[in-house]
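Quick notes on the structure that follows.
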Amino acid sequence: MKLIIAIIQTHKLEFVKRELEAVDVNLMTVTNVLGQGRQKGVTEIYRGAKEAGGLLNKVRLDIAVNEDFVEPTIKAITKGAHTGNVGDGKIFIVDLLECVRISSAERGSVAIG
Ligand SMILES: Nc1ncnc2c1ncn2[C@@H]1O[C@H](COP(=O)(O)OP(=O)(O)OP(=O)(O)O)[C@@H](O)[C@H]1O
Ligand SMILES: [Mg+2]
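Residue 677 is where the sequence shown starts when you use the numbering used here, and the numbers rise one by one after that.
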């Protein structure tokens, strides 16, 4: 199991969600976040207002998947979020130790999706 954390541009969320649905990834957590990449927000100002501390608004997706969904999920996010410009975002893949569905007490792979 992996936890896929993606930071994308806010206006790309609907495209990314559509691509994820196309590969049958429907369970996700979406959060509005502030961030900066290696340009420290500077060269992206024209595409979004700077917030406190010079940070930019971004969207974060948290998606827990079983192993066979890892690559399709990465590809779907990349396809939906890519423009080729700086600030397109980043994907972090983290080993996920456990998952518990609270309603049923199921654990592990069966609890993910
Ligand atoms: N190393 C990192 N650690 C934590 N968050 C990061 C990291 N790199 C990027 N982010 C997050 O991802 C967002 C988008 O990053 P961004 O796409 O600008 O990365 P980048 O490394 O600057 O690449 P690019 O040169 O293509 O812009 C940032 O605003 C920040 O929220
Ligand atoms: Mg950047």
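Where is the CB? At the ideal position from N, CA and C, for every residue including glycine.
These figures come from a predicted structure and were not determined experimentally.
Asked, Found
"Less than 8 Å separating the Cβ of leucine 772 from some heavy atom of ligand 1?", "no"
"Would you mind working out which of Asp771, Val709 and Ile788 sits nearest serine 825, comparing C-alpha positions?", "With the chain covering only 677 through 789, there is no way to say anything about residue 825."
"Tell me whether aspartate 744, by its Cβ, gets closer than 8 Å to a heavy atom of ligand 1.", "no"
"In the structure shown, what three-state DSSP assignment does leucine 679 receive?", "strand"
"Confirm the yes/no value for this check: CB of glycine 713, any heavy atom of ligand 2, distance under 8 Å.", "yes"
"Tell me, to the nearest whole angstrom, how far the beta carbon of isoleucine 769 is from that of valine 746; I am working on the premise that it is less than 8 Å.", "7 Å"
"Taking 8 Å as the threshold, find out whether the region 750 to 768 comes into contact with the region 685 to 701 through three or more Cβ pairs.", "yes"
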